[in-house]
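Chains as they are written, first to last, in my numbering: chain A, 3 to 290; chain B, 313 to 648; chain C, 3 to 236. Data first, discussion second: the structure below is written as structure tokens.
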């Protein structure tokens, strides 16, 4: 029974990792950019939420109304002002520039907010739980988090395949130069993709901040969890990404159950095993 | 019957090589003209030139952009501590053993992360470094997460007097950077160097001209792991204290190294040297700023990447055609 | 002669150090079909790329309704009313037929063309609207490429080698729809390897040779000898 509980907690945690992954996967899909600062942007979103809750006196979940547009705006400006200039055939510039960005965000946060860890308080909802029978109870907050993850991924799926913006994303992903010739402004499309990615990052950042303590140095590990979920799920597959996140979450939960020191290691090992036996991921998208 | 030969040297590389040799001699004599603090600073500079040159070989030439080289710095350091403290190996003898151990570990690691294409390779290297760090934290024999120090007996075995220990470590640091630079020059002048330069300039073109790109990348990755681990082992032998967070620090062993190389000039041997000099000059003036210093460095590196992607040495080389090391290939028709 | 909608004035184009076009001048009138012919590498596709905004050129070298547009970004050029049917069709492979068409129309320029009209012009596309674009035959894909460009409601349609790689009967079938397109008041520039087809379709012909206009004239006035002289430079 204890194990079942562990696995359930792991699955719910996996939803958060899937959200880390979704934003990463989105921009890689549209513009072949791997954003090394992705994790630090998640932490940045958590701090934006911290400031929003403190100055406006609102609940962290309500603060999403502020944090999501702020992060989306940062994403759009970042893409058009900086990252668009790094795109091209050469792998180095985008990697090095986003790596530099990661260091800048991390140390900027460190300078402003110090290395002390903080946490957002979501109030009574944090301790509420729902009994699911057999002596098991699921926290309301983890359930909200998981539901949001499914909503985000389902929403992305819908946006990608059912809307004009999603069509533009897929067209640009297929062939940038022709997309431009058909009247798409790639710089703008990429800006929108990054804005959307950071909107998801905002949701993930707020959930991260409500869930546990955070500090400026946490970004890289979040990037890695998200990245592992993407690779396990298979590139280009949104629901695969959710499965990938769940696998990392469950592996970590089981690892922690065995020995607290094995919490993170177990997640990485699950990733390395998948990479060794199925490098294309579990649910790769096959292009026609 | 060939009536031409390939000439590597040019007038600037002859001057450059002369300067490098003279500098080496002067540095070798540093224990007689520099004080203790400066010796330590110089060994640190040598370590960064070596690390940056190795990363430059990996990313700038072989196109393997790793953000996880701290994996091998830390691995080398931990192997040295383990061998010296647990197996009673002489710490200096443990340095090459640390390199060999890292190369052996790099063989399967490379096979695994080479499955990640392009951009994702970079993050894969980071995962590996994280795994190493977490494993080191689980190594109870070396006090796990809190880290450990070399016992006095091991330290004394390097040399009995403190001064001689410092000289020894300094000379090894100098020897390391000299060997790293020499090995890279030698490698780039060999036929593998031509292949590497081809990969740097146009990977697809190199592949279609029969360069076995995958094998060369694999070998470079393992060789760089070997070198990086030996440098890491010496760095921590000098520090005497080790912990997972310092040995596998992404800021110290990857961020700094990448910024140094980018600012100095990626894909050029001179780049890491120039970059390290600038890095230390900035550090001496901005050291009090703490986190701001890293932030400034990040901004400078991004600016250089966008405005002068070949770095400062690239600007100089393009403008004046200088090269410090005899690397260019010029066909010279032999007189009959 | 009516005012041209498009005018090229002394257009040069470069790929790095290589100059691909030398002082090309050209006029296209309202509702006119102009053909550009020439051997491989004569600069035909480059010419279309310049007009479509895919190459850096002198600003006043290309004028649309008297406004300089040379070197403007491609998406601006589309919004001003120039659409391209690229060489080799270049459909978006992960999009369905209908989605490919919708991408062409996403700028929302007003005009006669919409999904319904494109499906009337190419009925076979309506049957296959939900299929992935790569699953269609070459001729059908070419129809999608033309439809996609029409969806932008251009004043000027650029067609790059629409007969390339297609069977003669398919080529005839596609060219049979050109009059219906012109009837909506569009002007066309067609780049063609198939000289006979080009002469049949166009009112006016330019022949490029090594980046220069070697011959121009009304299609019916050009003789076979003149064309082959201009074509091969003999």
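The C-beta atom is built at its ideal place from N, Cα and C for all residues, glycine as well.
### Message
Using a Cβ distance threshold of 8 Å, determine whether the segment 497-513 of chain B contacts the segment 347-358 of chain B, with at least three qualifying pairs required.
### Response
no
### Query
Are residue 30 of chain A and residue 119 of chain A touching if we call contact CB-CB under 8 Å?
no
#### Entry: Where residue 116 of chain A sits in the DSSP three-state scheme
coil
### Query
First and last residue of the beta strand (DSSP E) that includes residue 219 of chain C?
214-220
### Query
Can you list the residues of chain C that residue 173 of chain A reaches, using a CB-CB cut of under 7 Å?
94, 97 and 105
### Message
Tell me which residue opens and which closes the alpha helix (DSSP H) that residue 245 of chain A is part of.
### Response
240-260
### Query
To the nearest angstrom, how far is it from the Cα of residue 114 of chain A to the Cα of residue 207 of chain A?
18 Å
### Query
If you draw a straight line from the C-alpha of residue 441 of chain B to the C-alpha of residue 573 of chain B, how long is it?
20 Å
### Task
List the DSSP bridge partners of residue 133 of chain C.
Note: residue 133 of chain C sits in no beta bridge, so no partner.
### Message
Does the CB of residue 187 of chain A have a neighbour CB from chain C at under 8 Å?
### Response
yes
### Query
Just how far apart, CA to CA, sit residue 522 of chain B and residue 69 of chain A?
52 Å
### Message
Give the list of continuous alpha helix (DSSP H) stretches no shorter than 4 residues that lie fully inside the segment 436-484 of chain B.
### Response
464-470
### Cβ of residue 278 of chain A within 8 Å of any chain B Cβ
yes
#### Entry: Supposed contact pair residue 79 of chain C and residue 63 of chain C - C-beta distance, whole angstroms, cut 8 Å
Their Cβ separation, rounded to whole angstroms, is 13 Å, which puts residue 63 of chain C and residue 79 of chain C out of contact at 8 Å.
### Task
Could you list the residues in the segment 563-594 of chain B with a C-beta less than 8 Å from some C-beta on chain A, going in chain order?
563, 567, 570, 571, 574 and 578
### Query
residue 250 of chain A: buried (16+ other C-beta within 10 angstroms of its C-beta) or exposed?
buried
### Query
In chain A, which residues lie less than 7 Å from residue 54 of chain C when you measure between Cβ atoms?
183
### Task
Could you check if residue 132 of chain C is buried or exposed, using at least 16 other CB atoms within 10 Å of its CB as the buried criterion?
exposed
### Message
By the DSSP assignment, the alpha helix (DSSP H) with residue 221 of chain A in it spans what residues?
### Response
221-235
### Query
Taking 8 Å as the CB-CB cut-off, is residue 375 of chain B touching chain A?
yes
### Message
For residue 90 of chain C and residue 153 of chain C, which I take to be in contact (beta-carbon distance under 8 Å), what is that distance rounded to the nearest angstrom?
### Response
Between residue 153 of chain C and residue 90 of chain C the Cβ distance is about 19 Å, and since that is not below 8 Å, they are no contact.
### Query
Alpha carbon to alpha carbon, what distance is there between residue 315 of chain B and residue 60 of chain C?
48 Å
### Task
Jot down the residue ranges of each uninterrupted alpha helix (DSSP H) in the segment 602-635 of chain B, minimum 4 residues, whole runs only, in chain order.
603-619 and 623-632
### Query
According to the neighbour-count rule (16 or more other Cβ atoms, all chains shown, within 10 Å of its Cβ), is residue 423 of chain B buried or exposed?
exposed
### Contacting residues, own chain, Cβ-Cβ under 6 Å from residue 25 of chain C (five flanking each side not counted)
12
### Query
Taking the alpha carbon of residue 552 of chain B as the point to measure from, which residue in B/337, B/365, B/362 and B/464 has its own alpha carbon closest?
B/464
### Message
Cutting at 8 Å between CB atoms, please list the residues of its own chain near residue 480 of chain B, excluding the five before and the five after it.
### Response
404, 470 and 471
### Query
Which chain C residues sit within Cβ distance under 9 Å of residue 64 of chain A?
What residue 64 of chain A touches in chain C: nothing, since even the nearest Cβ is about 35 Å away.
#### Entry: Interface flag, residue 92 of chain A vs chain C, CB-CB below 8 Å
no
### Query
In chain A, which residues lie with their C-beta within 8 Å of the C-beta of residue 319 of chain B?
Correct list: empty, because the minimum Cβ distance to chain A is about 30 Å.
### Query
In its own chain, which residues sit with a C-beta less than 7 Å from the C-beta of residue 525 of chain B, not counting the 5 before and 5 after it?
511, 515, 518 and 519
### Query
So residue 199 of chain C is in the alpha helix (DSSP H); what residue range does that whole segment cover?
197-203
### Task
Taking all protein chains shown into account, decide if residue 46 of chain C is buried (16 or more other Cβ within 10 angstroms of its Cβ) or exposed.
buried
### Task
Assuming residue 93 of chain A and residue 430 of chain B form a contact by the criterion Cβ under 8 Å, report the distance between their Cβ atoms to the nearest whole angstrom.
5 Å
### Task
Determine the contact status of residue 575 of chain B and residue 616 of chain B, defining contact as a CB-CB distance below 8 Å.
yes
### Query
Which chain A residues sit within Cβ distance under 8 Å of residue 154 of chain C?
184 and 185
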